[in-house]
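Student:
Printed below as a string of structure tokens:
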């Protein structure tokens, strides 16, 4: 399977490491072998080599901050645009792992359309195209007999989409509600232990959970992007961010947390998608709700089904290998379902 | 897809109801249609009709306790043995939903071998053949290009095996530990609320969780059967029940429960499978272990993985529709992966 990789930050590097370190195991257990034939980034440059880039050299160059240090070799092309790489038509799958833009989903959304038109499957870690352009991408993929997968966009490697779309096939999912943002869950957990909001946020930033500008997390927009993805994928809703009822944790005080605790409850930022819409809202949960016991930066989701009752999945919501592994699981699913070209 | 159904108790009836009530939805969403062409039971008799038995009539006859009341019609055969039904070679899948025997796995194990030899896929709710005969069945299935699936054997419909085998493909699973018996979890939960072991057991029996002879549950053997299934399926272990370290909850006293509670812990009957063996043992868990908050008859499992850390799945461990839906999910997976013959 030949891959074009857009973005080479934490997630792309995680995938590359896994493909290198698990090559023998993947060949043996899944008869699967993948080559990264092109990598395009906004800041490190881009590289293209039809018979596959050396992953160790790629990771080393990325560590130095620029692909300029990637060794020359016959056939290597530098500085190509994404559109040029796609136009060559040599890749089987476009892996979109560039930073999420929840306002326009660009430029990733255009790349995804171009890749489908060129006959490539999609594996996305970038939430933008799935949150904002799902229906159009899915329609194009189906018309061309291609697959669009996006396990990494919700709960990183924790296989939410596999669970909902494959493992629960045959069930009707009535709603999905979960803790889909690790930063806010970490802050709420620390506040319950007596830390102030301000200190908990500083600590989350120091640990790398929260961005320097934490607004996307604490105001609920990151979770809202995931609500759109779930609403699109599970319910065929065509919602926009503006259709959701979104609030974050910025107005939850230490007194609120203490009140909830005294009442045997716990605040969680609950993201919910259902056929009638979506919300992100800080919510007091009883302690026997499986979501109530999910602490720290861990994520969790409860799917309400017609035949199997409530099914809850708990796991990491971020991380280099966790997210890289999610993309790998999508590549394996593509291999199983469609075969590489 | 043509099905031979062995056993028509709660699980078989659950599957039949779902196939009837979801027929239109399954056709529309999965292009899937299944007919039950044969049903064989130990006590109700057996029926065979190559173009499919009417499910409503089948359920009505089962309610009356005997297939003698199933209406006559052209082509209907009564009283055939399982071996005779298999020998006709008309079915695509053998669904084994007769009662589990963890000592010999018979007669189900023989039926499964015969069905594979006749070119049929397997979908099992009966734990016996998977716990005791996994390696031989899997080898035969692979040699013939057939699938053996058994989602219903662990945690009923909660998609444990889909999660471990499909959704986490690409990860190495290092261990599986969980609450795999609902009866004992119900009893421990009630004891923590102050009920005596004796009263909690009586209540579990009244609610239909525990059998009249509860030994298989409370002494850990039901959970041990599931440990064998996980050990076989995830680690390729060829363990027997005698290789496991099994104890139940019969020696856990109210004082033990109170002790644990005072220490901020909670007793759970933890079943564990790992490459080095398996155990079933009442264990004190810290309250922040995701398994600690799983109360009542609910089941849960934590898979420890190399790339994604710990993934926990929580859901029903029994139930008519829940278990029937597990078999349906296997049939859909067989349809996707192999296509009906």
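Residue numbers (my numbering), protein chains in the order written: chain A, 1 to 341; chain B, 342 to 682.
Cβ coordinates follow ideal geometry from the N, Cα and C atoms, glycine included.
1) Hey, would you say residue 379(B) sits closer than 8 Å to residue 426(B), going by beta carbons?
2) With 16 other CB atoms within 10 Å as the buried threshold, where does residue 198(A) fall?
3) For my contact list, residue 457(B) and residue 487(B) are in at a C-beta cut-off of 8 Å; report their separation, rounded to the angstrom.
4) If you count every other CB in all the chains shown that lies within 10 Å of the CB of residue 526(B), and 16 or more means buried, which is it?
5) If I'm right that residue 402(B) touches residue 436(B) with Cβ under 8 Å, what's the distance once you round it to whole angstroms?
6) Would you verify that the beta carbon of residue 19(A) is, or is not, closer than 8 Å to some beta carbon of chain B?
7) Comparing the C-beta of residue 653(B) with each C-beta of chain A, is any distance below 8 Å?
8) Could you check what DSSP says for residue 203(A) in three-state terms: helix, strand or coil?
9) Taking Cβ positions only, does residue 325(A) come closer than 8 Å to chain B?
10) Do you know offhand how far residue 269(A)'s Cα is from residue 281(A)'s?
11) Measuring only between beta-carbons, confirm whether residue 486(B) sits less than 8 Å from chain A.
12) Pop quiz: residue 496(B) and residue 656(B) are said to be a contact at Cβ under 8 Å. What is the actual Cβ separation, rounded to whole angstroms?
13) How would you list, in chain order, the residues of chain B whose beta-carbon sits under 7 Å from the beta-carbon of residue 122(A)?
14) Quick one: give me the first and last residue of the alpha helix (DSSP H) that residue 678(B) is part of.
15) Based on the DSSP secondary-structure assignment, which residues constitute the bridge partners of residue 299(A)?
16) Residue 368(B): buried (16+ other C-beta within 10 angstroms of its C-beta) or exposed?
17) Would you say residue 483(B) faces chain A, with C-beta separation under 8 Å as the test?
18) Taking CB distances under 8 Å as the criterion, tell me whether residue 322(A) reaches chain B.
19) Using only alpha-carbon positions, find the residue among 127(A), 47(A) and 78(A) that is nearest to residue 232(A).
20) Counting only the same chain and skipping the five closest in sequence on each side, list residues whose C-beta sits under 8 Å from that of residue 341(A).
21) I'd like to know if residue 634(B) contacts chain A, where contact means its C-beta is closer than 8 Å to some C-beta of that chain.
22) Verify the CB distance criterion: does residue 274(A) have a CB-CB separation below 8 Å to chain B?
23) With 16 other CB atoms within 10 Å as the buried threshold, where does residue 419(B) fall?
24) Which two residues bound the contiguous alpha helix (DSSP H) that contains residue 477(B)?
25) List the DSSP bridge partners of residue 5(A).
26) What's the call for residue 289(A), buried or exposed, on a 16-neighbour Cβ count within 10 Å?
27) Anything in chain B within Cβ reach of residue 26(A), meaning under 8 Å, just list it in chain order.
28) Return no unless some Cβ of chain B is closer than 8 Å to the Cβ of residue 183(A).
29) Taking the beta carbon of residue 106(A) as the centre, do at least 16 other beta carbons fall within 10 Å, making it buried, or is it exposed?
Tutor: Looking at the atomic coordinates:
1) Contact: yes.
2) Counting Cβ neighbours within 10 Å, residue 198(A) comes out exposed, since fewer than 16 surround it.
3) Going by Cβ atoms, the distance from residue 457(B) to residue 487(B) rounds to 6 Å, so yes, they are a contact pair.
4) Under this definition residue 526(B) is a buried residue.
5) Taking C-beta atoms under 8 Å as the contact rule, residue 402(B) and residue 436(B) fail to qualify, at a distance of about 18 Å.
6) No, residue 19(A) lies away from the interface with chain B (no Cβ there is under 8 Å from its Cβ).
7) So, interface residue.
8) For residue 203(A), the secondary structure class from DSSP, reduced to helix, strand or coil, is helix.
9) Residue 325(A) has a beta carbon lying within less than 8 Å of a beta carbon in chain B.
10) Distance between the alpha carbons of residue 269(A) and residue 281(A) is about 6 Å.
11) No, because no Cβ of chain A sits closer than 8 Å to the Cβ of residue 486(B).
12) At roughly 6 Å, the Cβ-Cβ gap stays under 8 Å, so residue 496(B) and residue 656(B) are in contact.
13) The premise fails here: residue 122(A) is roughly 18 Å from chain B at the closest Cβ pair, so nothing lies under 7 Å.
14) That run of the alpha helix (DSSP H) goes 661-679.
15) For residue 299(A), which the question treats as bridged, DSSP gives the partners 315(A).
16) Counting Cβ neighbours within 10 Å, residue 368(B) comes out exposed, since fewer than 16 surround it.
17) Interface flag for residue 483(B) against chain A is unset, since no Cβ pair is found closer than 8 Å.
18) Output row for residue 322(A): interface = yes.
19) Comparing C-alpha distances from residue 232(A) to each of 127(A), 47(A) and 78(A) shows the shortest one belongs to 127(A).
20) In this prediction, residue 341(A) has a pLDDT of 45, which is less than 50 and means its spatial position is unreliable; what the coordinates show is noted afterwards. These residues qualify, in order along the chain: 92 and 119.
21) Residue 634(B) counts as touching chain A.
22) Not closer than 8 Å to any Cβ of chain B, the Cβ of residue 274(A) fails to qualify, so no.
23) Of the other Cβ atoms in all chains shown, fewer than 16 fall within 10 Å of the Cβ of residue 419(B); this residue is therefore exposed.
24) From DSSP, the alpha helix (DSSP H) with residue 477(B) extends over 468-484.
25) Answer is 39(A) and 95(A).
26) With 16 or more other Cβ atoms within 10 Å, it is buried.
27) Under the 8 Å cutoff, chain B gives 511.
28) Taking Cβ atoms only, chain B never reaches closer than 8 Å to residue 183(A), which makes this a no.
29) So residue 106(A) counts as exposed.
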